[in-house]
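Student:
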Amino acid sequence: MSSDAMVIQDAQVGQRPWVDTLHEWVTPVDHKRIGILYVLYALTFLVIAGVEAGIMRIQLMYPHNHFVSPQVFNRMFTMHGTTMIFFVAMPILFGFANYLVPLMIGARDMAFPRLNAFSFWLTALGGILLYFSFVGGSGLYGAGNAPDAGWWAYAPLQSRAFSPGSSSDYWTISLLVSGFGSIGTGVNLIATILCMRCPGMRLSRMPLFAWLSLTMSGLLLLAVTPLSAAQIMLLVDRYLGGHFFDTQAGGSATLWMHFFWIFGHPEVYVLVIPAFAFVSEIIPVFSRKPIFGYPVMVAATVCIGFVSMSVWAHHMFTIGMNSYANSFFAITTMAVGIPTGIKIFNWIGTMWGGRIQFKTPMLFCIGFLFQFLIAGLTGIIQAAAPFDWQLSLSYFVVAHFHYVIVGGILFALFGAFYYWYPKVTGRMMSESLGKLHFWLFVLGFHMTFDVMHIPGLLGMPRRIYTYEPGRGWDTLNLIVSIGAFIQGVAVLVFVANLIISYWKGAKAGNDPWDAWTLEWSVSSPPPAYNFASIPRVASRRPLWDLKHPEDPDSRYE
Amino acid sequence: MKNLITRSALQTLAFLLWFTAMATAAPSAASSTGLTNIFAPETTPAKSIFDLSMFVLVITGIIFVVVGTLLVYAIMKFGSTAANASREPAQVYGSTQIELAWTIIPILIVVVLFLATARVIHAVQDAPKPANAVDVTVIGHQFWWEYRYPGFGIVTANELHIPVSDPARPTPTFLKLLSADTDHSFWIPQLGGKTDLIPNHPNSMWMDPHRTGVFLGQCAQYCGTQHAKMLLSVSVDSPEDFDAWIRAQQQPANPDESAAAGRRIFETTACINCHVVRGTAANGRFGPDLTHLMSRATIAAGAAENTTENLRLWIKEPDAIKPGSLMPAMKLSDTDLDAVVHYMETLR
């Protein structure tokens, strides 16, 4: 069957056999459908990994609690971390990029639609393989288990001596497979953004979303490849008698750390740059002003991309590098704060003098700004290597990176959901449920992650399944756990809003937010192939030009 | 809208409060609850880390107040109202002067922070080792700590003893950090930052505690099932106490004839494959040295008090105390078990 025959059909077409509908959702090459698949897939794993977090938080509510065994706890934090990074955060951001980039640059699809579908199914297979370890991890003789070496699986804990059975192989192969999917997506986005722009859309006129997606894709290629290489080396160690990371035979444990973090740190920016992208689209629309300092924003993003490739060993300040190496990674890490600070200033500059509308997407962006400011500052704090000798591997770090990922990325993502849901479904999400979701989530988030910094300062290491009473950690951990469950309730409100609004939401129309980028010029949901005739643009805000012919942006750029 | 402002202000306040509270009040409360508080330093390196921490916290705190205020002000001042909602505001695209200002100021801040940081890195990491320093080799095991004092010829576990160091005539302790299996991390928050123990990658750290006392910590780098119960303590002794402790540890095992039965069982079962009791046939290296077991306050790396009942339970069913520990259940009969426990209790 040819791909054309499938994508031309519209999702709204009436009665057809359900097998046909299923077939359309399993074999699409349309960027919008693949985008939606990514998002639904990631939301499923968000709930699964959320449950894993819940299990850990119940266990840690009281010292010497016996809710789960240490073995189960260790699997939970390994699976929670791996799932959230590789099968929630990355796919959901790929989903948004897939859906929005072609629409925003005036293209009819991604550059390589079939590669796009292939990348999605690789990612999907990766997630399934990871979770199959619960059944197949010990082979046929065991009751099954999951990997328990932590999401960074330091050598030699992931070697056969310390991780017998197959559970850690499921982890390796899962990341290898989904890693190839990520590389495919990176290649595809770069090609799309560089080659598929509509007439008039120079690089300097692209929406920031496209610029940030381009940077993110470049980082993907640079970051995922070393991780894939390391996974292959690990397989060689485990099955072909290699000694890359086998410390008993002269291998190097620190080599794995370098490989992992040269992936792991740029990965943070792979995740956070799309969050910046959402915020850079939403704040201007709800402040009714163009983004402040567009060229500076682009430069700062690309600068973050480059600098983030040289900071990885700040995850390794405690491994005994010499004082020169520690100093080098301290200054590069602090330097990332400069372009990041510039971005925060420019977002505030965008709001300054505007007419801010406090709709749900904007509320989440404001939450993002506050929390990302704090997360950035606690990042600077840890860049001071000696301070990090105390903070590293403690709950302070756990609080810090959840501040980045939940307080920053997830808040921006929720904003993006409320902002683009009308475009994807044709219906508005409920504003009242949205506000309830926002305030509940703010409450839960701050109860959990503000408080979580303190046990770290009081000497509580991460990844412990239980802790000693009388060290000042008990009450704090209880508060953290309660906050986590409030966040869980907030996510349920969000999911309910997604489902209810799909059937009951008000009709959105093409352009419910009075926005300025090209995706709002087409119907909601957009038709197959997006644009009946390819648009021509003359500025960064084509719809502004259309709505204000007397004062177009093209006059100033 | 009003809610939002209150919330933002509360957030700002809360964050500041926490950090200032942690930074100022914590050290004074340290003696009662904060046995593992990083803001209650007791050594020179811990103190220089603490001073740097305060400096960094103050700078980042100021940044937070300034930027947070700008953000709150923008939210309060520029909200859309019924009166102006119908018109678009002035479309401003940017300003080179402003961009320059908020680029250069952060650069200057980073330079200052880096210089302060580099200075402390150098002071802690590159400190010369004085001739009278005490050497200890720390070896991380799943899931306990081995301490070897090459200068004194003694070996012990989990509870480290080091001498107090008079700032006028310092006698620092230099630790050499090794690992027998996976990665671990040695962390006593009050005595300094943590350093990892990595197989095939020797590390070092030093500490010169300024007062006597017992300081607590635990393994900070995930090392396997029982990472959580790889606890450790450091007893900082006066010079006289330290010398006395060393002399006691240098003695061979106490040959108490009342425990001959238990000793015979110990020496004829698998116990000796893993444990050392100096002066006997037991010379295994896999588990802790038991020559002076009763000089330690805890067993199983701090997981339980060193009492008769706990010793008995530990030998009978280690998983009852520490599930996943590598000590096997010895499957002794009740009488044999009692005899071995009695033998253990003579190892003073």
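Protein sequences appear in the order of chains P and H.
Under this note's numbering, the first residue of the first sequence is numbered 1326, with each subsequent residue one higher.
Under this note's numbering, the first residue of the second sequence is numbered 221, with each subsequent residue one higher.
Yeah, the Cβ is synthetic: ideal placement off N, Cα and C, and Gly gets one too.
All figures in this text were calculated on a predicted structure; none of them were measured in a lab.
Where does the unbroken alpha helix (DSSP H) through residue 361 of chain H begin, and where does it stop?
Tutor: Mapped onto the second sequence, residue 361 of chain H falls at position 141. Unbroken run through residue 361 of chain H is the beta strand (DSSP E), 354-361; no alpha helix (DSSP H).
Student: Determine the DSSP secondary structure at residue 1563 of chain P, reduced to helix, strand or coil.
Tutor: Here residue 1563 of chain P corresponds to residue number 238 of the first sequence, with the count starting at 1. If DSSP states are grouped into helix, strand and coil, residue 1563 of chain P belongs with the helices.
Student: Just curious, the beta strand (DSSP E) that residue 379 of chain H is in, first and last residue?
Tutor: Position 159 of the second sequence, counting from 1, holds the residue named residue 379 of chain H. That run of the beta strand (DSSP E) goes 379-383.
Student: With a CB to CB cut of under 7 Å and the five nearest residues on each side skipped, what residues in its chain are close to residue 329 of chain H?
Tutor: In the second sequence, residue 329 of chain H corresponds to position 109, counting from 1. Contacts found: 279.
Student: Say whether the segment 1537-1550 of chain P touches the segment 1486-1499 of chain P, bearing in mind that this needs 3 or more beta-carbon pairs closer than 8 Å, one atom from each stretch.
Tutor: Taking 8 Å as the limit for Cβ pairs, the verdict is that the segment 1486-1499 of chain P does not touch the segment 1537-1550 of chain P.
Student: List the endpoints of the continuous alpha helix (DSSP H) containing residue 416 of chain H.
Tutor: On the second sequence, position 196 is the one that residue 416 of chain H refers to. It is not in any alpha helix (DSSP H) - residue 416 of chain H instead sits in the beta strand (DSSP E) that spans 415-417.
Student: Run through the DSSP bridge pairs and tell me what residue 1786 of chain P is partnered with.
Tutor: Taking the first residue of the first sequence as 1, we reach residue 1786 of chain P at position 461. DSSP output for residue 1786 of chain P lists P/1719 as bridge partner(s).
Student: Could you tell me the distance, in whole angstroms, from the CA atom of residue 1698 of chain P to the CA atom of residue 1511 of chain P?
Tutor: By one-based count along the first sequence, residue 1698 of chain P stands at place 373. By one-based count along the first sequence, residue 1511 of chain P stands at place 186. Each residue's alpha carbon lies about 28 Å from the other.
Student: Specify the secondary structure class of residue 554 of chain H as computed by DSSP and reduced to three states.
Tutor: Sequence index remark: in the second sequence, residue 554 of chain H carries index 334 (1-based). It is helical.
Student: Taking DSSP's pairing of strands, which residues face residue 376 of chain H in a bridge?
Tutor: In the second sequence, counting from the first residue as 1, residue 376 of chain H sits at position 156. Note: residue 376 of chain H sits in a beta bridge opposite H/367.
Student: Residue 1867 of chain P: buried (16+ other C-beta within 10 angstroms of its C-beta) or exposed?
Tutor: Along the first sequence, one-based indexing puts residue 1867 of chain P at 542. Result: buried.
Student: Nearest by alpha-carbon distance to residue 474 of chain H: which of H/451, H/306, H/439 and H/511 is it?
Tutor: In the second sequence, residue 474 of chain H corresponds to position 254, counting from 1. For residue 474 of chain H, the nearest C-alpha among the options comes from H/511.
Student: Between residue 1363 of chain P and residue 1445 of chain P, which are expected to be in contact by the criterion C-beta below 8 Å, what is the C-beta distance as a whole number of angstroms?
Tutor: If you number the first sequence from 1, residue 1363 of chain P lands on position 38. If you number the first sequence from 1, residue 1445 of chain P lands on position 120. Between residue 1445 of chain P and residue 1363 of chain P the Cβ distance is about 6 Å, and since that is below 8 Å, they are a contact.
Student: Are residue 1782 of chain P and residue 258 of chain H close, meaning C-beta to C-beta below 8 Å?
Tutor: Counting from one through the first sequence, the residue named residue 1782 of chain P turns up at place 457. Counting from one through the second sequence, the residue named residue 258 of chain H turns up at place 38. Closer than 8 Å, so yes.
Student: Mind checking whether residue 1470 of chain P and residue 1490 of chain P have CB atoms under 8 Å apart?
Tutor: Taking the first residue of the first sequence as position 1, residue 1470 of chain P is located at position 145. Taking the first residue of the first sequence as position 1, residue 1490 of chain P is located at position 165. In contact: residue 1470 of chain P and residue 1490 of chain P (Cβ atoms closer than 8 Å).
Student: Can you confirm whether residue 1462 of chain P, when its beta carbon is compared against all beta carbons of chain H, has any partner nearer than 8 Å?
Tutor: Locating residue 1462 of chain P in the first sequence gives position 137, counting from the first residue. It does not; no Cβ of chain H falls within 8 Å.
Student: Do you know whose CA, among H/545, H/563 and H/546, lies nearest residue 528 of chain H's CA?
Tutor: Indexing the second sequence from 1 puts residue 528 of chain H at position 308. When each option's Cα is compared against that of residue 528 of chain H, the closest is H/563.
Student: Which two residues bound the contiguous beta strand (DSSP E) that contains residue 1595 of chain P?
Tutor: By one-based count along the first sequence, residue 1595 of chain P stands at place 270. In the DSSP assignment, residue 1595 of chain P falls outside any beta strand (DSSP E) and within the unbroken alpha helix (DSSP H) covering 1578-1612.
Student: Does the CB of residue 1867 of chain P have a neighbour CB from chain H at under 8 Å?
Tutor: Taking the first residue of the first sequence as position 1, residue 1867 of chain P is located at position 542. Output row for residue 1867 of chain P: interface = no.
Student: Listed in chain order, which residues of the segment 1493-1527 of chain P have Cβ atoms closer than 8 Å to some Cβ of chain H?
Tutor: none
Student: Answer with yes or no whether the minimum CB distance from residue 414 of chain H to chain P is below 8 Å.
Tutor: Within the second sequence, residue 414 of chain H is the residue found at index 194, counting from 1. Interface residue, yes.
Student: For residue 1454 of chain P, collect the residues of the same chain with a Cβ closer than 8 Å to its Cβ; drop the 5 residues on either side in sequence, then sort them by chain order.
Tutor: Position 129 of the first sequence, counted from the start, is the residue given in the question as residue 1454 of chain P. Cβ-Cβ distances below 8 Å link residue 1454 of chain P to 1495, 1498, 1499 and 1502 in the same chain, with the five nearest sequence neighbours on each side left out; the list follows chain order.
Student: Within 10 angstroms of its Cβ, does residue 1861 of chain P collect 16 or more other Cβ (buried), or is it exposed?
Tutor: Position 536 of the first sequence holds residue 1861 of chain P. By the beta-carbon neighbour count (other beta carbons within 10 angstroms, threshold 16), residue 1861 of chain P is exposed.
Student: Can you check DSSP and say which residues form a bridge with residue 1681 of chain P?
Tutor: Counting from one through the first sequence, the residue named residue 1681 of chain P turns up at place 356. DSSP output for residue 1681 of chain P lists H/299 as bridge partner(s).
Student: Could you check where the beta strand (DSSP E) with residue 1305 of chain P kicks off and where it finishes?
Tutor: No statement about residue 1305 of chain P is possible, as the shown extent of chain P runs from 1326 to 1882 and does not include it.
Student: By the criterion of Cβ-Cβ separation under 7 Å, what are the contact partners of residue 446 of chain H in chain P?
Tutor: Stepping through the second sequence from its first residue, residue 446 of chain H is reached at position 226. Going along chain P in sequence order, the residues near residue 446 of chain H (Cβ under 7 Å) are 1395.
Student: Below 8 Å on the Cβ atoms is my guess for residue 434 of chain H versus residue 458 of chain H; work out the distance and round it to an integer in Å.
Tutor: Position 214 of the second sequence holds residue 434 of chain H. Position 238 of the second sequence holds residue 458 of chain H. The C-beta distance from residue 434 of chain H to residue 458 of chain H rounds to 13 Å, too long to fall under 8 Å, and the pair is not in contact.
Student: CB residue 386 of chain H to CB residue 264 of chain H, shorter than 8 Å?
Tutor: Taking the first residue of the second sequence as position 1, residue 386 of chain H is located at position 166. Taking the first residue of the second sequence as position 1, residue 264 of chain H is located at position 44. No. Outside cutoff.
Student: Whose C-alpha, out of P/1695, P/1359 and P/1653, is nearest the C-alpha of residue 1709 of chain P?
Tutor: Within the first sequence, residue 1709 of chain P is the residue found at index 384, counting from 1. Residue P/1653 holds the alpha-carbon nearest to the alpha-carbon of residue 1709 of chain P among P/1695, P/1359 and P/1653.
Student: Kindly indicate which three-state DSSP category residue 1568 of chain P falls into: helix, strand or coil?
Tutor: By 1-based counting over the first sequence, the position of residue 1568 of chain P is 243. The answer is coil: DSSP assigns residue 1568 of chain P none of H, G, I, E or B.
Student: For residue 1635 of chain P, which residues in chain H fall below 8 Å Cβ to Cβ?
Tutor: What you label residue 1635 of chain P is simply residue 310 of the first sequence in a count that begins at 1. Neighbours of residue 1635 of chain P on chain H: none; closest Cβ ~14 Å, over 8 Å.
Student: Is it right to say residue 1416 of chain P is buried, meaning 16 or more other beta carbons lie within 10 angstroms of its own, or is it exposed?
Tutor: Counted from its first residue, the first sequence places residue 1416 of chain P at position 91. By the neighbour-count rule (16 or more Cβ atoms within 10 Å), residue 1416 of chain P is buried.
Student: Counting contacts by CB-CB distance shorter than 8 Å, is residue 1470 of chain P in contact with chain H?
Tutor: Here the question's residue 1470 of chain P lines up with position 145 in the first sequence. False, the Cβ-Cβ gap to chain H never drops below 8 Å.
Student: Just how far apart, CA to CA, sit residue 1684 of chain P and residue 1405 of chain P?
Tutor: Sequence index remark: in the first sequence, residue 1684 of chain P carries index 359 (1-based). Sequence index remark: in the first sequence, residue 1405 of chain P carries index 80 (1-based). Going from the Cα of residue 1684 of chain P to the Cα of residue 1405 of chain P covers about 32 Å.
Student: Would you check if there are 3 or more beta carbon pairs closer than 8 Å linking the segment 1545-1560 of chain P to the segment 1511-1527 of chain P?
Tutor: yes
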